[in-house]
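**Q**
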Amino acid sequence: MPKLTEDHLEQHVIDLFKKHGFSYIYGPDIAFDGTAPEREASFADVVLVDRLRQAVARINPGVAEGLREEAIKKVLRLDNQNLIDNNEKFHGYLTNGVEVEEMVGGVRRGKKVWLVDYDNIDRNEFVVCNQFTIIENEKNKRPDVILFINGLPLVVLELKNPADENATVHKAFAQLQNYKTAIPSLFV
1057 MPKLTEDHLE QHVIDLFKKH GFSYIYGPDI AFDGTAPERE ASFADVVLVD
1107 RLRQAVARIN PGVAEGLREE AIKKVLRLDN QNLIDNNEKF HGYLTNGVEV
1157 EEMVGGVRRG KKVWLVDYDN IDRNEFVVCN QFTIIENEKN KRPDVILFIN
1207 GLPLVVLELK NPADENATVH KAFAQLQNYK TAIPSLFV
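Residue numbers for the sequence shown follow our numbering, beginning at 1057 and rising by one.
#1: Give me, in chain order, the residues of the same chain whose beta-carbon lies closer than 6 Å to that of VAL1154; leave out the 5 immediate sequence neighbours on both sides.
#2: Please confirm whether ASP1167 and GLU1181 have their CB atoms less than 8 Å apart.
#3: Taking the Cβ atom as the reference point for each residue, do GLU1192 and ALA1097 lie within a distance shorter than 8 Å?
#4: Please confirm whether LEU1242 and ILE1190 have their CB atoms less than 8 Å apart.
#5: Starting from the N-terminal side, write out each stretch of the alpha helix (DSSP H) that is 4 residues or longer and does not extend beyond the region 1097-1160.
#6: When you compare each of VAL1102, CYS1185 and GLU1221 to VAL1069 by their alpha carbons, which one comes out closest?
#7: If you drop the 5 nearest sequence neighbours on each side, which residues of the same chain put their C-beta closer than 7 Å to that of ALA1111?
#8: Which class does LYS1095 belong to by DSSP, given the choice of helix, strand or coil?
#9: For the putative contact between LEU1215 and VAL1201, defined by C-beta atoms under 8 Å, what is the C-beta separation to the nearest angstrom?
#10: Would you decide whether ALA1087 is buried or exposed? Buried here means 16 or more other CB atoms lie within 10 Å of its CB.
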C-alpha cells in the first residue's frame, strides 16, 4: 500500500466535497495573474467578488442593483481594526442579512440583502479551493483548503500528513492561529 501523504489527503478531501456538490477550483488558476482570474487586483483579495455579486443577484432578485452593490460594499469594507468586532459584524450580515436603505416616495425604508439563501440551498454556490495564496502585511500564506459559499471564504482547513507522528491536531490548530495573525482578512 502506498504511503499516504498530505497531498493525497488534500486530494481526498477535495474529492469528498466534490461528491457533496461543491465545485472545485485550483487557487493559482483564479489568482489575478492566473489562467482564469477571479481575484480582482492582488493576492490580498480573499473574497471572490464576481461570484458574490452573482449570488447576491440570484438570491435577491427583487432588490435594485444599486442596493445589492451597497450591501456588497458593506461586506467588503468592514471598518473596525478589531478582528473580533469585524467577525461579529460579518456574522450578523451572514445570518441576518445586510441592511440597506432605499427611498420610496420620499421616505427612507430599510431593506435586507441576503448573502446566503437559507430557504433554498440550491441557489447558493459551494466551492472547494486548494493552494489559494494570500499575501497580507508582507506575509505569504497558502491554506491547504478553503470552502467558499457564494464567493465568501467561510471555512479554512489545515491538513496534516497522516503518516507523520509529529503532525498533530494541536499543530494544525497552531497553524490556523498563525493564519489569523498573518492573514486576518481571511478570518473576518
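Don't be surprised by glycine CBs; every beta carbon is placed ideally from N, CA and C.
**A** The relevant details are as follows:
#1: If the five residues before and after VAL1154 are omitted, its C-beta is found closer than 6 Å to the C-beta atoms of ALA1127, LYS1130 and VAL1169, all from its own chain and listed in chain order.
#2: Here residue 1167 turns out to be Lys, not Asp, going by the sequence shown. With contacts defined as CB atoms closer than 8 Å, LYS1167 and GLU1181 fail to qualify as a contacting pair.
#3: In this structure, ALA1097 does not lie closer than 8 Å to GLU1192 by Cβ.
#4: Using a Cβ distance threshold of 8 Å, LEU1242 and ILE1190 count as a contacting pair.
#5: Entirely contained in the region 1097-1160, the alpha helix (DSSP H) runs reaching 4 residues are, in chain order, 1105-1115, 1121-1132 and 1139-1152.
#6: Of the candidates VAL1102, CYS1185 and GLU1221, the one whose C-alpha sits nearest the C-alpha of VAL1069 is CYS1185.
#7: Excluding sequence neighbours, ALA1111 sits near ASN1180, GLU1181, ASN1206 and GLY1207.
#8: Checking the displayed sequence, the identity of residue 1095 turns out to be Arg instead of Lys. Looking at ARG1095 - three-state DSSP - the assignment turns out to be coil, as it is neither helix nor strand.
#9: With 8 Å as the limit, LEU1215 and VAL1201 qualify as a contact, their Cβ atoms being about 7 Å apart.
#10: ALA1087 is classed as buried because its beta carbon has at least 16 other beta carbons within 10 Å across all chains shown.
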